[in-house]
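Everything in the sequence shown is counted per full-length UniProt numbering, starting at 1 for the first residue and increasing by one. Every residue, glycine too, gets a C-beta built ideally from N, C-alpha and C. Structure first, then comments.
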Amino acid sequence: MAAAALWQPQEEGLREICTLLDAHISPNSDQARIWQQLQHYSQFPDFNNYLVFLLARGEGKSFEARQAAGLLLKNNLRATFSSMPPASQQYVKSELLPCIGATNKAIRSTVGTVISVLFQIVRVAGWIELFQALHQCLDSNDLDHMEGAMDAIYKICEDVPEELDVDVPGLPERPINVFMPRLLQFFQSTHAILRKLALGCINQYIVVMPAALYMSMDQYLQGLFNLAKDPSADVRKLVCSAWVQLIEVRPSILEIFQLLISCVMLDLTLDSKLQPHLKNVTELMLQANKDSDDEVALEACEFWSAYCDVSMPPEGLREFLPRLIPTLLSNMSYSDDDESLADAEVEDESFPDRDQDLKPRFHASRLHGSETGEDDDDDDAVNVWNLRKCSAAGLDVLSNVFGDDILPTLMPLIQQNLARTDDDAWKEREAAVLSIGAIAEGCITGLYPHLPQIVAFLIPLLDDKFPLIRSITCWTLSRYSKFIVQSLEHPNGREQFDKILLGLLRRVLDTNKRVQEAACSAFATLEEEAAEELVPHLGIILQHLMCAYGKYQRRNLRILYDALGTLADAVGAELNQAKYLDIFMPPLITKWQQLANSDKDLFPLLECFTSIAQALGPGFSQFAEPVFQRCINLIQSQHLAKVDPAAAGALYDKEFIVCALDLLSGLAEGLGAGIESLVSQSSLRDILLQCCMDEAADVRQSALALLGDLSRVCPIHLHPRLQEFLNVAAKQLNPQCVKEAVSVANNACWAIGELAIKIGKEISPVVITVVSCLVPILKSPEGLNKSLLENSAITLGRLCWVCPDIVAPHMDHFMQAWCNALCMIRDDFEKEDAFHGLCAMVAANPTGAVGSLTFICQACASWNEIKSEGLHNEVCQILNGYKQMLGSGGWEQCMSTLEPAVVQRLGRYGV
């Protein structure tokens, strides 16, 4: 096959490709073989010519085959267009343009998709003819041509909107300046498809806001109001989307009002009151929130959260609450055609989970320091974002903005729905329970006096005949976990706690998988709040959880592992009793042995074992050896899979390495020095160094966490490769690495500090390198997470403690920023280490620190109490030494610059 100036396909080649494409779209064909043959044809330089010929001129061929040719062409162009012969490039472009207005809709759409992909490669300047063709189509009165052009423009706007807002040699105007007036004209088209595509195009520009849209803003907003009641649901949905985007990307009140005030329809002058303008939009969105089309209502419902999230004045919504809240509550009921309704009714525990039932899961790599993440709440087990879920989220946001002010409107509606006990009203009852959960945070003050009655009302619903009511009741009770635990000392509080605990455990053993999932998640939330209050109930809790373990399918088994791990975190060493170990460890060990090294069901089990190992401490030693060795094997097999999947018998998946490293950290934390014998007989040291240098950030993050944990309990086994570990860890602290992977830098910083304490002056070779990286972090803390700042201050202190002679000459570069960071750290042994370093620095170079004395005093005053007598004495000695050095006048002058509360707290040091 060869490309020529006037290219024509060879009949035989065309026939062969058509046969392959026909087979490709056949459901019963050997797809792998056909794909291999198509790849073979792709080697020929004019293969794409054949594909565009079939797409554009394939009369007599099936539309499905022509469409398949177009989609294959799209993928090929994305990968190979720049390397195609120029003649073939030109041929493809020239053949696509006449097809913009093809009579068949599927062909038009495919051509638009190919044009958009090709445009992303060549941009405006590389295809001037495209814009001439699009303009001609828009100016024609032929619907196919207008729709085809609009479809192509929409796809370009969706992918690269900014590329139409550029000056192009050869074009008198930027393309968007030419298209914008025509797009706005199509708002008034009699054809719904043109109104939809025109509005969709312009909406893509709300964020980038080109001059063409800004200058036409009055006409655009006029169009939005005019289209609000469009007969096409697709158009109404885009109108709502536009208002949501406008309020999100232009949060300033003044900007929003300026946009709205320019709307010709409102016909108001700048001297008029601004409030009525926003009222018009709010009224429009409230009506759209009641739209008969759920997708329109869903898009409108997003407006309330967007309004509140950008801190618009709440008073603008207050007068709408009496109508908005009933609308949200009504939309929180399951619709009759909601797929999850049918799914929930047939979610019998005896039916195995399908692969599509298993949600993607992501393991969070181990992070040492202050907690920075927050758990996301699901309002129920349904993960698809829908009107019900969005309405609940909207009610949640409103409750946080207006607090108890929404209760007079909401509570009578909730009571009315809950009072309907007939079977036909179960969806309304379910929505009422959901709404009680949604307002748990925002309305807690107003609800607090009534919570015992509310909780007492919810408990029987755990046994309701409808599974979705049982499910949502679990979630709603979990939202009040903090109150339930706080009420333990109140009259009947403990009795109520016991009822909830046993009620949730009953639902953990429900026969409906949806209810099992909700109950397990709710119980895990209660565990976090209740902590040691669970200890008297450990026997019955473990019996229920392990009974569930014997009957759960794969999806819910993952959640059960989380509940077990959370229980271990909550009660700690209380689990370390034979009567409890005999209940839960044998089944877990059996499952551990059954799962293959390539089975992703290992992930949650590894996480569960991590929490258990930490909780049991030395009590885990009887299970440690096989668990430790399995972790080593998992990492080794994944390293092999990375280079030779066939030999490993599995594809590479870094998450196995991350989970295994984190479990090894859990073992180190739990067993302490007891892990030494396992480490000494293994290849962990060399494996760990390799993981510390992995290209994947989350692997490095977990590896460096393990490095720090091993430094604490058995540093001797790191010694043969100590300098390599130090160099690798120090490298993670350079500014670029901190910027790219702050959590990796955090763990590297922490690990270096742990090593410094154990190896002393052996850390000398990297001290200056590390300090030079820590100082910029401490001096520019804005935007960095709290954990990295704290670990930087602690590690700097530890380096100062073990190598004061190396660091002290440089103290003037960082002393003030360091002391500021030390003030923010809570009292604990790590802060003590840092202050040992501070004292060592001052002792090594007392005159060098005089300029930072007020900062040192503030840091010393940040302690509530120094429990170490030795450190307390060191601080006393330092401060009294400065008082003596400065004399009474100088010392008094220093004290006068401090807050009275700081001076008062310094009194405990005898100054």
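**Study point:** Through-space distance from valine 249 to leucine 278, alpha-carbon basis
**Key:** Approximately 16 Å, taken between the alpha carbons.
Check your understanding: Which residue from Glu782, Leu634, Pro626 puts its Cα closest to that of asparagine 597?
Key -> If we check each option's Cα against that of asparagine 597, Leu634 comes out closest.
Practice item. Can you give me the Cβ contacts of phenylalanine 628 inside the same chain, cut-off strictly under 8 Å, excluding the 5 residues immediately before and after it? Key: Leu664, Leu667, Ile675, Leu678, Ser682
Review point. In or out: serine 292 buried (at least 16 other Cβ within 10 Å) or exposed?
Key: Exposed: under 16 other Cβ atoms inside 10 Å.
Practice item. Measure from the alpha carbon of leucine 227 to the alpha carbon of each residue in Val281, Tyr205, Arg174, then state which is nearest. Key: Per the Cα distances, Val281.
Review point. To the nearest whole angstrom, what separates the beta carbons of residue 946 and leucine 838, a pair I think is in contact under 8 Å?
Key: Coverage of the chain is limited to positions 1 through 911, which leaves residue 946 absent and any answer about it impossible.
**Study point:** Three-state secondary structure assigned by DSSP to alanine 3
**Key:** In this predicted model, alanine 3 has a pLDDT of only 42, less than 50, meaning its place in the structure is not dependable; the value taken from the coordinates is given anyway. If DSSP states are grouped into helix, strand and coil, alanine 3 belongs with coil.
**Study point:** Per-residue DSSP class, three states only, for asparagine 512
**Key:** DSSP, read as helix, strand or coil, puts asparagine 512 in strand.
Practice item. Under the assumption that threonine 110 contacts leucine 72 (Cβ atoms under 8 Å), give the Cβ distance between them as a whole number of angstroms. Key: So it is not a contact: roughly 10 Å between Cβ atoms.
Check your understanding: For lysine 196 versus serine 232, is the C-beta spacing smaller than 9 Å?
Key -> yes
**Study point:** Contained alpha helix (DSSP H) runs [length at least 4] in the region 148-208, N- to C-terminal order
**Key:** Counting whole runs of 4 or more residues, the region 148-208 contains the alpha helix (DSSP H) stretches 175-185, 192-203.
Point to revise | Three-pair Cβ contact test at 8 Å for the region 590-610 versus the region 531-544 | key: no
Exercise for review: Going by CA-CA distance only, name the one from Tyr549, Pro586, Thr610, Ala615 that's closest to glutamate 574.
Suggested key: Ala615
**Study point:** Inter-stretch contact at 8 Å, needing at least 3 Cβ pairs: the region 74-82 / the region 56-66
**Key:** no
**Study point:** Enclosing alpha helix (DSSP H) for tryptophan 475 [first to last residue]
**Key:** 467-479
Review point. Of the residues Ser780, Asn746, His813, Pro604, which one's Cα is nearest the Cα of isoleucine 794?
Key: Asn746
Practice item. Report the residue from Ile34, Pro776, Leu799 whose alpha carbon sits nearest the alpha carbon of residue 916. Key: Missing from the structure shown is residue 916; the chain here goes from 1 to 911 and no further.
Review point. Taking DSSP as the reference, what is the three-state secondary structure of glutamine 43?
Key: coil
**Study point:** Start and end residues, alpha helix (DSSP H) containing cysteine 608
**Key:** 602-616
Check your understanding: How long is the line joining the alpha carbons of arginine 506 and leucine 387, rounded to whole angstroms?
Key -> 31 Å
Review point. What's the C-alpha gap between tryptophan 35 and threonine 103?
Key: 30 Å
Review point. Would you call the region 198-212 and the region 161-176 touching, i.e. three or more CB-CB distances under 8 Å?
Key: yes
Review point. For the region 484-500 against the region 432-450, are there 3 or more C-beta pairs whose distance is under 8 Å?
Key: no
**Study point:** Those runs of the beta strand (DSSP E) which lie wholly inside the region 519-586 and span at least 3 residues
**Key:** none
Review point. At least one CB of chain B closer than 9 Å to the CB of threonine 327: is that the case?
Key: As a matter of chain content, chain B is missing from the structure shown, which is built from one protein chain.
Exercise for review: Taking only the alpha-carbon atoms, compute the straight-line gap between asparagine 820 and phenylalanine 814 and give it to the nearest angstrom.
Suggested key: 10 Å
Practice item. May I ask whether a heavy atom of the ligand ATP can be found less than 8 Å away from the beta carbon of glutamate 874? Key: Within the structure as shown, the ligand ATP is missing, as the structure has no ligands at all.
Practice item. Would you please state the rounded distance, in angstroms, between the beta carbons of aspartate 396 and alanine 438? I believe it to be under 8 Å. Key: 5 Å
Check your understanding: For leucine 501 versus glycine 394, is the C-beta spacing smaller than 9 Å?
Key -> no
Point to revise | Proximity below 9 Å, CB of valine 771 to CB of valine 807 | key: At the C-beta level, valine 771 and valine 807 come within 9 Å of one another.
Review point. Hey, quick one: how far does the alpha helix (DSSP H) through leucine 595 stretch, first residue to last?
Key: Careful: leucine 595 lies outside any alpha helix (DSSP H) and carries neither H nor E.
Review point. Short check: CB of glutamate 607 to CB of tyrosine 561, under 9 Å?
Key: yes
Exercise for review: With a 10 Å radius around its C-beta and 16 neighbouring C-beta atoms as the bar for buried, classify methionine 84 as buried or exposed.
Suggested key: buried
Exercise for review: For my contact list, alanine 570 and phenylalanine 523 are in at a C-beta cut-off of 8 Å; report their separation, rounded to the angstrom.
Suggested key: That belief does not hold up - the Cβ atoms of alanine 570 and phenylalanine 523 are roughly 11 Å apart, past 8 Å.
Practice item. Please state whether DSSP places arginine 826 in a helix, a strand or coil. Key: Arginine 826 falls in the coil class under three-state DSSP.
**Study point:** N-terminal and C-terminal residue of the alpha helix (DSSP H) that alanine 419 is part of
**Key:** Premise fails: alanine 419 is in no alpha helix (DSSP H) and is neither H nor E.
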